[in-house]
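Q: The opening residue of the first sequence carries number 1 in my numbering; numbering runs sequentially from there.
Before I ask anything, here is the structure I am working with.
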Amino acid sequence: MPELPEVETIRRVLAAGSATVPSLTGQTIQNAEVFWQGSIANPTAGSFSASVAGREVRALDRRGKFLILNLDQGSLIFHLRMSGDLRMSLGGAPAAHDRLRLHFRSGWDLTFTDPRKFGRVWLVSDPTPILAGLGPEPLDESLSTEAFGERLRQHSRQLKPLLMDQHFLAGLGNIYTDEALFLARLHPLRLSSTLSQAEAERLLAAIRQTLRDGISHNGSSIDWVYRGGNFQNHFNVYQRTGQVCPVCGHTIEKIRVGQRGTHFCPVCQPYMKD
DNA sequence: AGCATTACCCGCACGC
DNA sequence: TGCGTGCGGGTAATGC
């Protein structure tokens, strides 16, 4: 369940631990069990286990939707794609959709579970090449509204697919893009080249507010994948097709943009040319 | 040529 | 039972 707020929530939970679960930081990997070889992107599934054994987790980082475990040597990178999740547990038999399990010397396990098998894991000496193509981090304050507006106008693309393009901006997915466009009062099909600077500033502010709200609610839990977050109770448009807009009372509509379901309020988010 | 859009694909679970 | 859908993204084809 990964967009930026969900990945960030997972990062924080794993890093902080809890009263009953230790932090992932400082754990040393004793060995690894690969249940589904397709989940291992690098190195080959055969050498992954041997290479990761003995490594210690030093810190947890996030870049866009990538979760990065910094090790004493190299990095272990996860991309959860559509249905991946990571959990600490103490023993127990693997469940049906568990794809990878790291056993630590402490006796605790980190399990990567992923029903749809789209997620990937990389063990690399240098994470740079994997992250190189990502656009700026939306919550990074060094991303100025001026630079953002300039980047928007460098393209002539529909806002929805552009914002979801990880090369343009790192971290937004289908849910948070719809919610951010609603807050910004911008139509998802509006061409990025037509945005005024005021609209660009509104959009970046809306993106940041939406992501922060998502993180503060520990992300969203929808479909059959449970994450522990409750931002789904605060959606304005996503999965609210046919319901009333909380701002104007008009009916929320759903269209298809770039193969993705897209929810918006046609009154609050009018399509204005130029 | 280069950019933008569309189609399709990849497992699986779920709702209608 | 069958079919459409989906918190993602890569690749290939098509369009402008």
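A virtual CB, placed ideally from N, CA and C, is assigned to each residue, including glycine.
Whose C-beta lies closer than 6 Å to the C-beta of S125 among residues of the same chain, with five residues either side of it excluded?
A: For S125, where only same-chain residues beyond five positions count, the Cβ hits under 6 Å are G74.
Q: For I40 versus R120, is the C-beta distance shorter than 9 Å?
A: Yes.
Q: So if DSSP puts A280 in a beta bridge, which residue, or which two residues, is it bridged to?
A: For residue 280 there is no data in the structure shown, the boundaries of the chain being 1 and 274.
Q: Assuming S221 contacts G228 under a Cβ cut-off of 8 Å, what Cβ separation, rounded to an integer in Å, is found between them?
A: Contact holds; Cβ gap of about 7 Å.
Q: Touch check for the region 139 to 158 and the region 196 to 205: three-plus C-beta pairs under 8 Å?
A: Judged by Cβ distances under 8 Å, the region 139 to 158 makes contact with the region 196 to 205, as three or more pairs qualify.
Q: If you check the beta carbons only, do M88 and P2 fall under 9 Å apart?
A: No, the pair does not count as a contact, with Cβ atoms beyond the cut-off.
Q: Taking the Cβ atom as the reference point for each residue, do R105 and T28 lie within a distance shorter than 9 Å?
A: Their beta carbons are under 9 Å apart, which means R105 touches T28 by this criterion.
Q: Which of helix, strand or coil does DSSP assign to I40?
A: In this structure, I40 counts as strand in the three-state DSSP scheme.
Q: Note down, in chain order, each residue of its chain lying with its Cβ closer than 8 Å to the Cβ of Q158, except the 5 sequence neighbours on either side.
A: If we look at Q158 and ignore the five residues flanking it on each side, its Cβ neighbours are P188, L189, R190, L191, S192, V257 and G258.
Q: Going by DSSP, which residues form a beta bridge with N218?
A: For N218, which the question treats as bridged, DSSP gives no partner whatsoever.
Q: Go through its chain and collect everything with a Cβ distance to S156's Cβ below 6 Å, but skip five positions before and after it.
A: L191 and S193, listed in sequence order.
Q: Using a 10 Å radius around the Cβ and a threshold of 16 neighbouring Cβ atoms, would you call R212 buried or exposed?
A: So R212 ends up on the exposed side.
Q: Just the C-alpha distance for G242 and W36, rounded to the nearest angstrom, thanks.
A: Looking at the two C-alpha atoms, the distance is approximately 40 Å.
Q: Straight-line CA distance for G91 to D109?
A: Taking the straight line from one Cα to the other gives about 7 Å.
Q: Roughly how many angstroms separate the alpha carbons of D274 and L152, rounded to a whole number?
A: Summary for D274: the model assigns pLDDT 40, below 50, so the residue's position carries little reliability, and this model does not support an answer.
Q: T111 lies in the beta strand (DSSP E); which residues open and close that run?
A: Per DSSP, T111 belongs to the beta strand (DSSP E) from W108 to T113.
Q: Is it right to say W224 is buried, meaning 16 or more other beta carbons lie within 10 angstroms of its own, or is it exposed?
A: Result: exposed.
Q: Helix, strand or coil: how does DSSP classify L181 here?
A: Helix.
Q: With distances taken Cα to Cα, identify the nearest neighbour of V57 among L76, G64, A50 and I175.
A: Closest option to V57, Cα to Cα, is L76.
Q: Assign M272 to one of two classes, buried (16 or more other C-beta atoms within 10 Å of its C-beta) or exposed (fewer than that).
A: Exposed is the call here.
Q: With H, G and I counted as helix, E and B as strand and the rest as coil, what does DSSP make of H234?
A: Correct three-state label for H234: helix.
Q: Please report the straight-line C-alpha distance between R116 and E141, rounded to a whole angstrom.
A: Cα to Cα, R116 sits roughly 35 Å from E141.
Q: So, is A275 buried or exposed, given that buried needs 16 or more other C-beta atoms within 10 angstroms?
A: Within the shown structure, residues of the chain are numbered from 1 to 274, placing residue 275 beyond reach of any answer.
Q: Hey, how far is the Cα of F182 from the Cα of L139?
A: Near 18 Å, if we compare the C-alpha coordinates of L139 and F182.
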